[in-house]
Amino acid sequence: MKYNWNWGIFFDLSPNGVNTYLGTLMFGMVWTLATALLAWTIALVLGSIIGVLRTAPNVWLARFANGWVELFRNIPLLVQMFLWYFVLPEIVPSGFGTWLKQLPNASF
Numbered sequence: 001m002k003y004n005w006n007w008g009i010f011f012d013l014s015p016n017g018v019n020t021y022l023g024t025l026m027f028g029m030v031w032t033l034a035t036a037l038l039a040w041t042i043a044l045v046l047g048s049i050i051g052v053l054r055t056a057p058n059v060w061l062a063r064f065a066n067g068w069v070e071l072f073r074n075i076p077l078l079v080q081m082f083l084w085y086f087v088l089p090e091i092v093p094s095g096f097g098t099w100l101k102q103l104p105n106a107s108f
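Residue 1 is where the sequence shown starts when you use this note's numbering, and the numbers rise one by one after that.
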């Protein structure tokens, strides 16, 4: 197999004319890590709150938390992703739904 890798392409300007391909890849990596860290933080906070509520002496709080857990445990992740991506913008108030649909790079 005689393939000559063109590693120099990483230092050429990308089509946007501002960054190199390597810079664009690094920019994407930073945003991916930031998004993952934010998602992890939100999940930790919400999970801790719901977990504590499940053990609360108040029956209604415990029922709410148990219902929350059972709801998200029994809906497959892919279905949840479709619901959040396609259904949420349609059921929120029209001004907020319109704003969600007009976000850059969003294809609602």
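We put the beta carbon where it would ideally sit given N, CA and C, even for glycine.
Got a sec? Which residues, its chain only, sit under 8 Å from Leu25 by beta carbon, not counting five neighbours each side?
-> Here residue 25 refers to the residue found at position 25 when the sequence shown is read from its first residue. These residues qualify, in order along the chain: Phe10.
Please report the residue range of the alpha helix (DSSP H) in which Gly51 lies.
-> Here residue 51 corresponds to residue number 51 of the sequence shown, with the count starting at 1. First-last of the alpha helix (DSSP H) with Gly51: Tyr21 to Arg54.
Top-ranked residue by Cα proximity to Gly8, from Val45, Gly17 and Tyr21 | Here the question's residue 8 lines up with position 8 in the sequence shown. Residue Tyr21 is the option with its Cα nearest to Gly8.
In three-state DSSP terms, what is Leu13?
-> Looking up residue 13 in the sequence shown gives position 13. Of the three classes helix, strand and coil, the one that applies to Leu13 here is strand, per DSSP.
Contact belief for Val79 with Ile50 at Cβ below 8 Å, rounded distance in angstroms | By 1-based counting over the sequence shown, the position of residue 79 is 79. By 1-based counting over the sequence shown, the position of residue 50 is 50. No, Val79 and Ile50 are not in contact; Cβ-Cβ is about 20 Å, not under 8 Å.
Could you please give the first and the last residue of the uninterrupted alpha helix (DSSP H) stretch that includes Trp5?
-> The residue labelled residue 5 in the question sits at position 5 within the sequence shown. Premise fails: Trp5 is in no alpha helix (DSSP H) and is neither H nor E.
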